[in-house]
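Colleague: I am attaching a structure below and will ask some questions about it afterwards.
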Amino acid sequence: MSIAATQKRGFGAFLWDYLTTVDHKKIAHLYLFGGGFFFLLGGIEALFIRIQLIKPENDFLSAGLYNEMITMHGTTMIFLAAMPLFLGLMNAIMPLQIGARDVAFPFLNSLGFWLFMFGGILLNCSWFLGGAPDAGWTSYAPLSIQSPGHGVDFYTLGLQISGAGTLMGGINFLVTIVTMRAPGMTYMRMPLFTWTTFVTSVLILFAFPALTVGLFLLMFDRMFDSAFFDVALGGNTVIWQHLFWIFGHPEVYILILPAFGLFSDIFSTFSKKRLFGYTAMVFATILIAFLGFMVWAHHMFTVGLGPVANSIFAIATMAIAVPTGIKIFNWLATMWGGSITINSAMLWALGFIPSFTIGGMTGVMLASAVADYQYHDTYFVVAHFHYVIVGGSVFGILAGIHYWYPKMFGRILHEGMGKAAFWIFLIGFNLTFFIQHFLGLMGMPRRYWVFLEDQGLDTGNLISTIGAFLMGVAVIILLINIIYTAAKGEKAPADPWDGRTLEWAIPSPPPFYNFKQTPLTRGLDPLWIEKTEGKGKMTPAEPLGDIHMPDGSILPFIMSLGFFVAGFGFIYQVDHSAWLLAVFAGIGTALICMLIRSLKDYHGYHIKKEDLEREAD
């Protein structure tokens with residue numbers, strides 16, 4: 002079962018391997034592929050939006066199609082691109098950083114991915130089946146209830162299925178970190194990326210149920226004529242906003258905290274220094290997560306909650322800038338006096354600091370409830386949000402891909418193309434979104450289909466569209482880099498960056514069992530400690546012995562396919578009761594898979610000690 006043997010098999014065997022795998026590293030590949038596909042899709046939707054706004058009174062997109070485009074762009078980028086790409090990096094690296102051979106629940110890990118993937122496919126099927134959702138990515142009631150067609154139904158069911166997969170991933174990572182750390186790996190010796198994976202998983206665990214409840218209520222209002230959000234029948238539309246933002250604001254931190262963790266690892270590695278203020282960074286991460294649940298109503302300052310509620314949420318929002326500021330100063334202090342290496346991964350990390358700081362600064366401006374009455378629903382908010390999510394999360398994903406690509410795929414991305422993609426993306430990003438602050442201050446509303454001539458908005462929108470296309474060029478260069486690297490790229494050694502953490506102590510790419518012997522952790526940056534003592538490799542915590550590995554399974558794929566079919570049944574049963582057959586067939590398939598999983602024993606298999614010794618020879 003060596004890696005060389007798996008590479009020689011045919012495409013059918015390769016496909017079956019990935020359909021049935023429960024190996025966290027292969028599931029990471031699936032998340033990166035799936036998230037990358039949706040990232041490209043969301044990017045194309047963004048370019049359509051910017052083409053429509055390139056000049057006044059443009060008619061490139063119809064008003065209805067424009068609404069669908071902005072809804073799908075936001076929904077795709079947040080739920081189907083940024084989050085899965087981070088889940089891919091977490092899957093690939095976190096178990097290695099804590100010295101584990103796999104995650105706690107490998108079967109659940111696979112099920113989580115396939116639910117995400119089928120949920121995303123279900124949502125995007127709406128493009129071909131009568132129209133995509135058109136009520137904005139926040140899907141505010143009553144607009145989402147009154148939206149004709151099935152677009153919003155696809156939104157509801159697609160996100161419900163996909164969100165269930167994300168929730169499973171969060172639970173899995175929590176249990177893995179709590180129970181599977183290598184001997185000596187105390188909580189305060191974990192790398193920051195593992196810490197942020199842990200805290201992000203806590204956020205997922207507590208935030209996603211609010212979205213689940215909201216989506217269920219919306220689904221019942223649209224499909225079964227209930228009245229949770231229908232004011233005429235005694236409902237309350239503001240309840241949707243509360244439920245959505247109780248999930249939605251922690252979601253911003255679900256998207257940014259993993260980036261904070263990997264930037265911490267990158268700055269430490271490429272500055273050849275221990276992370277400055279490690280303990281403060283850990284507690285700042287926990288404080289950000291805690292405060293992240295206290296600020297949701299700052300999205301609702303103009304709703305009419307009253308001055309007391311607005312004041313409380315304004316103060317909490319400003320307070321969250323403090324732990325974030327601690328992190329930025331600690332990253333700068335880590336680099337101060339270090340022996341800094343500038344490569345593609347480090348460039349993305351360095352570009353993040355000013356970009357995210359601008360996003361944070363405009364966030365504090367928006368935290369003033371009085372000023373927010375002017376900023377609200379203008380392009381100022383669009384600019385702020387993208388400086389946080391693109392300048393934070395997307396820069397983080399791209400930094401992580403460049404940094405860990407050798408570990409995940411065994412090859413090093415081409416540095417020249419990596420640096421070219423960074424500079425073009427950075428220039429395009431700032432051209433696109435910096436000007437939008439001023440467009441917003443000049444009164445340009447967000448989500449509007451056209452703007453009129455002689456309003457002073459022409460030049461700003463033209464610059465913004467040019468910047469968006471530059472970002473598109475940078476992404477194309479990255480894709481060329483990945484394809485070139487797969488064909489002709491330099492093979493990676495185990496430790497190409499002279500790393501400090503456990504993932505660099507094993508070959509690139511790792512063997513399917515990760516560690517032959519569980520490593521002994523003797524402090525923060527455990528590999529670096531061994532290097533300073535002249536060993537260069539980890540001290541094992543156990544003698545060489547047999548390794549137990551889990552069996553693969555096709556059940557997660559079939560189970561997710563069942564929910565996918567049932568989703569179509571729920572959407573269309575309002576048109577014809579025959580579609581209830583699809584509901585019963587899909588749910589029945591999933592239940593049968595659960596029954597098989599419950600009743601059949603899966604003992605896994607053992608890698609014999611002799612085989613491990615032979616591989617070492």
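First residue of the sequence shown? That's 2 in the working numbering, and the numbers climb one at a time after it.
Cβ atoms here follow ideal geometry from the backbone N, Cα and C, with glycine treated the same way.
Quick caveat, the model's predicted, so the values are computed rather than measured.
1) To the nearest angstrom, report how far apart VAL451 and PHE396 are at their CA atoms.
2) Indicate whether LEU453 and LEU440 have their beta-carbon atoms separated by less than 7 Å.
3) Taking the C-alpha atoms as reference points, what is the distance between LYS532 and ALA260?
4) Where does GLY13 fall in DSSP's three states?
5) In the DSSP assignment, what residue or residues form a beta bridge with HIS250?
6) Please classify LYS492: does DSSP put it in a helix, a strand, or coil?
7) What residues in its chain sit with their C-beta under 7 Å from that of GLY13, if we drop five residues either side in the sequence?
8) Grab me the residues of ALA5's own chain with a C-beta within less than 7 Å of its C-beta, minus the 5 sequence neighbours each way, in chain order.
9) What distance in whole Å lies between the Cβ atoms of MET409 and ALA93, which are believed to be in contact at a cut-off of 8 Å?
10) Do you know offhand how far GLN147's Cα is from PRO557's?
11) For GLY1 and ASP547, what's the separation of their Cα atoms in angstroms?
12) Using a threshold of 7 Å, state whether the C-beta atoms of GLY361 and ILE257 are closer than that.
13) Find out if the Cβ-Cβ distance for the pair ILE287, MET186 is shorter than 7 Å.
14) Based on DSSP bridge pairs, tell me the residues matched to PRO527.
15) What does the alpha-carbon distance come out to for the pair ALA350 and THR502?
16) Suppose you measure from the CA of HIS300 to the CA of LYS328; what does that come to, to the nearest Å?
17) Kindly indicate which residue of THR318, SER312, TRP297 and PRO324 has the alpha-carbon position closest to the one of PHE284.
18) Whose CA, out of GLN242, TRP332 and MET224, lies closest to the CA of PHE268?
19) Could you name the residues that DSSP lists as bridge partners for HIS30?
20) Tell me where the alpha helix (DSSP H) around TYR606 begins and ends.
21) Within its chain, find whatever has a CB closer than 7 Å to the CB of GLU58; leave out the 5 residues flanking it on each side and keep chain order.
22) List the endpoints of the continuous beta strand (DSSP E) containing ILE548.
23) Is it a yes or a no for the stretch 16-23 touching the stretch 409-420, going by three-plus beta-carbon pairs under 8 Å?
24) How is the alpha helix (DSSP H) around ILE425 delimited, first residue to last?
25) Is there contact between the stretch 274-284 and the stretch 201-217, where contact requires at least three CB pairs shorter than 8 Å?
26) By the three-class DSSP mapping on this structure, what secondary structure does THR270 have?
27) Mapping DSSP to helix, strand and coil, what is THR7?
28) By DSSP, does PRO149 sit in helix, in strand, or in coil?
29) Should LEU124 and GLY166 be called a contact, given that it needs their Cβ atoms to be closer than 7 Å?
Modeller: From the atom records:
1) 30 Å
2) no
3) 27 Å
4) In the structure shown, GLY13 sits in a helix (DSSP, three-state: H, G or I).
5) HIS250 pairs with nothing; no bridge assigned.
6) Residue state for LYS492 is assigned as strand, using DSSP reduced to three classes.
7) none
8) Since pLDDT at ALA5 reaches only 43, below the 50 mark, its modelled position is unreliable, and the value read off the structure follows with that caveat. Excluding positions up to five away in sequence, the list is empty.
9) 5 Å
10) 35 Å
11) Beyond the ends of the chain as shown, which are 2 and 618, falls residue 1; an answer cannot be given.
12) no
13) no
14) Residue pairing of PRO527 in beta bridges, as defined by DSSP: absent, with no partner found.
15) When rounded, the distance between both Cα atoms is 18 Å.
16) Those two C-alpha atoms are separated by around 24 Å.
17) PRO324
18) Cα-wise, what sits closest to PHE268 is TRP332.
19) BP columns for HIS30 are empty, so no partner.
20) Taken as a continuous stretch (DSSP letters only), TYR606 belongs to no alpha helix (DSSP H), being part of the beta strand (DSSP E) at 606-608.
21) Same-chain partners within the cutoff: VAL451, LEU453 and GLU454.
22) 548-550
23) no
24) Under the DSSP assignment, ILE425 falls in the alpha helix (DSSP H) whose first and last residues are 416-442.
25) no
26) helix
27) Low confidence applies here, because THR7 scores a pLDDT of 44, under 50, leaving its location unreliable; read the following figure in that light. DSSP places THR7 in helix when its eight states are reduced to three.
28) coil
29) Contact flag unset, no.
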